[in-house]
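First comes the structure, then the notes that go with it.
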Amino acid sequence: MMWLSSGFIFRRGTSAYHRLDPRVKLLVSVLMFVTTLLVRTLYELAAVLLFMIALSAFATVLRRVARTMAFTALFSAFIFALNFVFTRNIETSLLYAARFVAIVVSTSLFFITTSPDELEQVMKTFRLPRDVIFAFVTAVRFIPVMFLDTIQIMDAQKSRGLELEKGNLLRRVRNMIPILIPLVVNSVVRSGELAEAMESRAYGAVPRPTSLVEYRTSLADKAVATAAVVAFALVAYSFYFVIPAQIL
Amino acid sequence: MIELRDVTFVHQNGVKALDGVSLKIDAGETVAIVGENGAGKTTLVKHVTGLLKPASGTVLVDGEDTTLTSTAKLSRKVGVAFQNPDHQLFSESVEEEMAFGLRNFGFPPDLVEQRVTWGLELFGLGEYRKSSPLVLSGGEKKRLTLACILAWDPQVLILDEPTVGQDAIQKEKLAGTIRMLSASGKTVIVVSHDIEFLWPIQPRVVVMKAGRILGDGPASQIMRVKEMLDSARVAQPQLVDFYGRLASKPEAPFVDPLEARRWIEGVKPS
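Right, dumping it as structure tokens:
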């Protein structure tokens with residue numbers, strides 16, 4: 001589980017992509033996301049996926065993106081099966097299944113290269129309410145903690161004779177109760193403690209608190225953003241006007 | 001009873017948590033594993049419970065290779081009380097919490113009842129029998145987790161930081177319980193930073209640093225090796241430290257601790 005989860009969690013990196021302004025990284029991810037929605041054939045989608053893989057390699061997060069893809073493949077198989085049952089068309093079913101993988105990879109690429117602090121700054125630029133930003137960023141920060149908690153709880157219950165992998169489906173679901181209750185209780189307790197700790201450190205004392213980091217877009221950021229927008233416009237144009245879908 | 005042969009374990013992040021650890025613990029021994037955070041203490045005991053499997057080497061519990069058996073089966077022999085009690089409490093009542101493990105092991109209802117009552121009385125939790133375990137204090141939760149493990153009478157008991165959140169009286173009681181378990185032939189492994197708690201129990205002490213065993217022997221000997229303890233970032237028990245300093249002043253007319261302290265600091269008594 002930890003192996004899979006690490007495909008979604010931010011880890012500090014030193015690549016040029018990591019160093020980009022988080023707003024630019026968000027723009028790139030959004031454009032890739034939209035591109036996956038625009039594609040109409042498997043070939044086009046394969047090209048978009050290949051670009052994402054190349055970008056992941058450039059950002060030195062290819063292995064972790066591969067984990068994201070492996071994890072997403074489980075759901076994607078379900079999407080394929082469901083589509084195939086209703087459409088009886090392998091190509092369409094494959095397209096929907098692969099599109100789901102591409103959508104997740106495009107967002108994952110942003111989250112695994114953007115720290116929660118950077119995420120906070122990105123959200124601030126959209127002038128979202130501070131409480132909403134704080135709640136969202138805190139939730140993101142606590143994902144790895146929750147994973148760690150889950151593993152520790154599973155260890156504790158297995159040490160009390162709980163066999164998670166045994167029995168029929170109903171029993172396996174029931175076996176999750178000793179895992180889920182401590183996990184939920186711990187999370188609720190932790191959120192209460194966090195709220196108290198924040199209030200005791202003057203959270204909400206002033207309407208517009210100052211920020212430690214102020215992002216300034218560099219020339220490289222501007223170049224990447226422009227290149228991304230131009231590339232997206234060209235790709236979108238070529239998908240719809242230059243290469244008719246039926247040719248592919 | 002427990003044998004680790006040249007055990008190595010590497011975490012997924014590449015950190016070598018155990019580096020060629022070999023250790024043999026006989027039945028009935030009381031062993032304390034000490035060392036700084038990240039020394040590999042908890043990783044070592046997780047190998048004994050079968051929660052972690054060695055990357056190389058062998059772990060044998062009562063002659064059984066832990067790689068060939070499940071943790072659930074091993075836990076019948078090896079009971080472990082983890083550091084954070086909140087990671088295991090989930091039942092509606094304290095008695096249900098205690099009965100959980102017993103039922104998993106298939107104990108008959110009358111024996112479950114008997115063991116629950118015994119455990120709750122032993123740890124002074126009888127009055128909370130029908131209460132939710134989630135409303136207990138930190139120290140009470142810790143005692144409850146210990147009672148839960150003792151309930152099914154495992155041959156080996158592992159206590160991970162048992163004194164966290166316990167007051168002085170409860171620590172004394174806990175030390176008494178460890179002595180009682182030891183006297184009744186149980187193998188007890190205590191992972192702890194609390195040297196002052198361990199010292200009166202006089203266990204065999206295993207000192208760990210960076211996934212290796214630095215020292216292993218009776219507390220009375222190991223706790224005198226200051227250089228090794230310093231290297232492993234383990235504090236010397238105050239009493240050992242005190243007498244160690246006195247030994248360097250043979251002429252000191254020991255009157256009382258304060259007087260002795262003046263001698264240690266080189267100030268002659270007035």
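Residue numbers (my numbering), protein chains in the order written: chain A, 1 to 248; chain B, 1 to 270.
We put the beta carbon where it would ideally sit given N, CA and C, even for glycine.
Because the structure is a prediction, the values reported are computed rather than measured.
Beta-bridge pairing of residue i - partner residues as DSSP gives them
{"i": "A:Ser29", "result": "DSSP output for A:Ser29 lists no bridge partner at all."}
{"i": "B:Phe9", "result": "B:Leu18"}
{"i": "B:Ile189", "result": "B:Val31, B:Ile158"}
{"i": "B:Gly215", "result": "B:Val207"}
{"i": "B:Ile25", "result": "B:Ile2"}
Three-way DSSP call (helix, strand, coil) for residue i in this model
{"i": "B:Leu51", "result": "coil"}
{"i": "A:Leu128", "result": "coil"}
{"i": "B:Pro109", "result": "helix"}
{"i": "A:Val235", "result": "helix"}
{"i": "A:Leu37", "result": "helix"}
{"i": "A:Asp221", "result": "helix"}
{"i": "B:Gly79", "result": "strand"}
{"i": "B:Gly266", "result": "coil"}
{"i": "A:Ile9", "result": "coil"}
{"i": "B:Lys209", "result": "strand"}
{"i": "A:Glu163", "result": "coil"}
{"i": "A:Leu248", "result": "Annotation note: pLDDT 45 at A:Leu248 (below 50); position unreliable, no value reported."}
{"i": "A:His18", "result": "helix"}
{"i": "A:Leu42", "result": "helix"}
{"i": "A:Glu214", "result": "coil"}
{"i": "A:Leu50", "result": "helix"}
{"i": "B:Leu60", "result": "strand"}
{"i": "B:Asp167", "result": "coil"}
{"i": "B:Asp65", "result": "strand"}
{"i": "B:Glu92", "result": "coil"}
{"i": "A:Gly192", "result": "helix"}
{"i": "B:Arg129", "result": "coil"}
{"i": "B:Gln238", "result": "helix"}
{"i": "A:Asn186", "result": "helix"}
{"i": "A:Gln152", "result": "helix"}
{"i": "A:Val65", "result": "helix"}
{"i": "A:Tyr240", "result": "helix"}
Proximal chain A residues relative to residue i, where beta-carbon distance stays under 9 Å
{"i": "B:Arg76", "result": "Gly161"}
Listed by chain order, chain A residues near residue i by CB distance under 8 Å
{"i": "B:Gly101", "result": "Arg160, Gly161"}
{"i": "B:Phe105", "result": "Gly161"}
{"i": "B:Leu134", "result": "Val185"}
{"i": "B:Leu51", "result": "Asp155, Lys158, Ser159"}
Reference residue i; option with closest CA among the options
{"i": "B:Phe105", "options": "B:Ala151, B:Thr69, B:Leu146", "result": "B:Ala151"}
{"i": "B:Ser184", "options": "B:Leu174, B:Ser75, B:Ala147, B:Asp153", "result": "B:Asp153"}
{"i": "A:Thr114", "options": "A:Val213, A:Tyr240, A:Leu20", "result": "A:Leu20"}
{"i": "B:Ala39", "options": "B:Thr49, B:Gly50, B:Val10", "result": "B:Val10"}
{"i": "B:Leu134", "options": "B:Met180, B:Ser231, B:Leu89", "result": "B:Leu89"}
{"i": "B:Val45", "options": "B:Ile158, B:Ala210, B:Thr177, B:Val234", "result": "B:Ile158"}
{"i": "A:Ala228", "options": "A:Ser29, A:Arg12, A:Thr14, A:Ile9", "result": "A:Ser29"}
{"i": "B:Ser132", "options": "B:Asp230, B:Glu96, B:Leu239", "result": "B:Glu96"}
{"i": "B:Ala175", "options": "B:Lys226, B:Phe123, B:Lys41", "result": "B:Phe123"}
{"i": "B:Glu251", "options": "B:Pro237, B:Pro162, B:Gly266", "result": "B:Gly266"}
{"i": "A:Leu74", "options": "A:Ala59, A:Val101, A:Glu91, A:Ala202", "result": "A:Val101"}
{"i": "B:Met223", "options": "B:Gly211, B:Leu181, B:Phe242, B:Arg212", "result": "B:Phe242"}
{"i": "A:Ala231", "options": "A:Thr14, A:Phe111, A:Val34", "result": "A:Val34"}
{"i": "B:Leu18", "options": "B:Lys24, B:Ala27, B:Leu52, B:Gly28", "result": "B:Leu52"}
{"i": "A:Glu44", "options": "A:Met146, A:Arg130, A:Arg99", "result": "A:Arg99"}
{"i": "A:Met32", "options": "A:Val189, A:Phe110, A:Gly167, A:Val188", "result": "A:Phe110"}
{"i": "B:Gly211", "options": "B:Val59, B:Leu144, B:Ser22", "result": "B:Ser22"}
{"i": "B:Ala55", "options": "B:Val61, B:His87, B:His47", "result": "B:His47"}
{"i": "B:Gln166", "options": "B:Lys142, B:Pro218, B:Met180, B:Val94", "result": "B:Lys142"}
{"i": "A:Met146", "options": "A:Leu170, A:Val189, A:Asn168, A:Thr92", "result": "A:Val189"}
{"i": "A:Arg64", "options": "A:Ser191, A:Gly161, A:Ile112", "result": "A:Ile112"}
{"i": "B:Leu60", "options": "B:Asn37, B:Lys24, B:Glu92, B:Lys41", "result": "B:Lys24"}
Closer than 7 Å at the beta carbon, the chain A residues around residue i
{"i": "B:Ala72", "result": "Lys158, Gly161, Leu162, Glu163"}
{"i": "B:Val80", "result": "Ser159"}
{"i": "B:Leu229", "result": "Neighbours of B:Leu229 on chain A: none; closest Cβ ~29 Å, over 7 Å."}
Interface residues of chain B facing residue i [CB-CB closer than 7 Å]
{"i": "A:Ile181", "result": "Phe90"}
Contact set between residue i and chain B, taken where Cβ atoms lie within less than 8 Å
{"i": "A:Ile153", "result": "His87, Gln88"}
{"i": "A:Ile177", "result": "Phe90"}
9 Å Cβ cut-off: residues of chain B touching residue i
{"i": "A:Pro129", "result": "Correct list: empty, because the minimum Cβ distance to chain B is about 32 Å."}
Beta-carbon neighbours of residue i, restricted to chain D and to distances below 9 Å
{"i": "A:Asn186", "result": "This model lacks chain D altogether, as its protein chains are A and B."}
The stretch 71-90 of chain A in contact with the stretch 42-49 of chain A per 3-pair CB rule at 8 Å: no
Is the stretch 155-167 of chain A touching the stretch 80-90 of chain B, taking contact as three or more C-beta pairs under 8 Å? yes
The stretch 188-204 of chain A / the stretch 111-118 of chain B touching (three or more Cβ pairs under 8 Å): no
With three or more C-beta pairs closer than 8 Å as the rule, is the stretch 180-199 of chain B touching the stretch 13-33 of chain B? yes
Mind the definition here: the stretch 137-146 of chain A touches the stretch 109-127 of chain A only if three or more C-beta pairs lie below 8 Å; say whether that holds. yes
Please confirm if the stretch 158-172 of chain B is in contact with the stretch 213-222 of chain A, defined as three or more CB-CB distances below 8 Å between the two stretches. no
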